[in-house]
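31 is the number of the first residue of the sequence shown in this note's numbering; add one for each residue after it.
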Amino acid sequence: MSARPVAVVTGAGRGIGRHIALAMAAAGHDLVLAARSAGELEAAAAECRKSGADTLIVSTDLRQPDQVERLVAAAADFGPVATLVNNSGIAGPSGLLWELNQADWEQTMAVNVTGVFLTCKGFLPGMIERGQGSIVNIGSITGKRPLLGRTPYATSKLALVGLTRTLALEVGQFGIRVNLVSPGFVEGARIDWVVDRQSQTRGVEPSVVRSEFAGQSPLGRLTSPTEVAAVVVFLASEAASGITGADVNVNAGVVMY
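Right, dumping it as structure tokens:
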């Protein structure tokens, strides 16, 4: 049984999720890391252990309710879950809506929305019983403003705004807080993919797209994944005890609402 506060981080094998896991470990949490790729989770767990964190990895496909139930059970054996970070998500297809197929649309919703529903549903009973907990969902500025060719992803991330606010209203009576973090153009492999797809859709060079993305920020740059992770750590902490139902922008000022 874990001796430190336990945080569950989904999509922890790469990108923002990996940075969140490392930051939570450095802040004194033990960790349950979930993602589909066990190999990537093993590498992330090894890094987290360098900060003294006990770490459990659970290979999980969040589209499958039975696998989410297995994740919840494994975490319960590991220790009481203080924080759930719903970071797992996919980019989904890129293209004009009438050119997309339904299967890709539904897969995006299944991972980015239904997966969050299932994990919240699974972990909330334990939090309610203990009368405390923090849930942090990872959204996107694309859920709040348009991006050409990204209707499935944009729809899924805007859905998390409604889910977060309504769930915060429902569980506040049990001492549980629910918040959303909306990153912007975050440095890493995902933004490289988005830049490439945007350049193809618009018929311009990738360098043009990347420059435009950076130029939308008052700071004139992209966001780093460590900046996103730092805000997640804050929202999970007692320093944020008065914050729930919030949508926190971490996007170098690209979106301010």
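Note that the Cβ used here is the ideal one computed from N, Cα and C, for glycine as well.
Can you confirm whether the segment 96-104 touches the segment 73-80 when touching is taken to mean that 3 or more C-beta pairs between the two stretches lie within less than 8 Å? no
Thr-85 - containing beta strand (DSSP E), residue span: 85-89
Residues that DSSP places opposite Ser-212 in a beta bridge: Asn-279
For Arg-207, three-class secondary structure by DSSP: strand
For Thr-40, the three-state DSSP class (helix, strand or coil): strand
Can you give me the Cβ contacts of Ser-254 inside the same chain, cut-off strictly under 8 Å, excluding the 5 residues immediately before and after it? Val-216, Glu-217
Just to confirm my understanding: we take Ala-198, look at its own chain, exclude 5 residues before and 5 after, and list those with CB closer than 6 Å. What are they? Val-208, Thr-274, Gly-275
Does the distance from the C-beta atom of Gly-179 to that of Val-284 stay below 9 Å? no
Give the secondary structure of Val-285 by DSSP, where H, G and I count as helix, E and B as strand, and everything else as coil. coil
Can you give me the Cβ contacts of Leu-152 inside the same chain, cut-off strictly under 8 Å, excluding the 5 residues immediately before and after it? A small fix is needed here, since residue 152 is Gly in this sequence, not Leu. Once the five neighbours on either side are set aside, the close Cβ partners of Gly-152 are Val-98, Glu-99, Leu-101, Val-102.
Since Ser-164 is in the alpha helix (DSSP H), which residue starts that stretch and which ends it? Here Ser-164 belongs to no alpha helix (DSSP H); instead the beta strand (DSSP E) covers 163-168.
Taking DSSP as the reference, what is the three-state secondary structure of Thr-274? coil
Counted within 10 angstroms of its Cβ, other Cβ atoms place Pro-248 as buried (16 or more) or exposed: exposed
Taking Val-62 as part of the beta strand (DSSP E), name the residues at either end of that continuous run. 60-65
Under DSSP, the alpha helix (DSSP H) around Leu-188 begins and ends at which residues? 181-201
Quick test of your reading: Gly-245 and Ser-212, contact by CB under 8 Å. State the CB separation rounded to the nearest angstrom. Rounded, the Cβ-Cβ distance is 19 Å, inconsistent with contact.
Endpoints, beta strand (DSSP E) assigned at Val-115: 111-116
For the alpha helix (DSSP H) that Lys-28 lies in, which residues bound it at each end? Residue 28 is absent from the structure shown; the chain starts at 31 and stops at 287.
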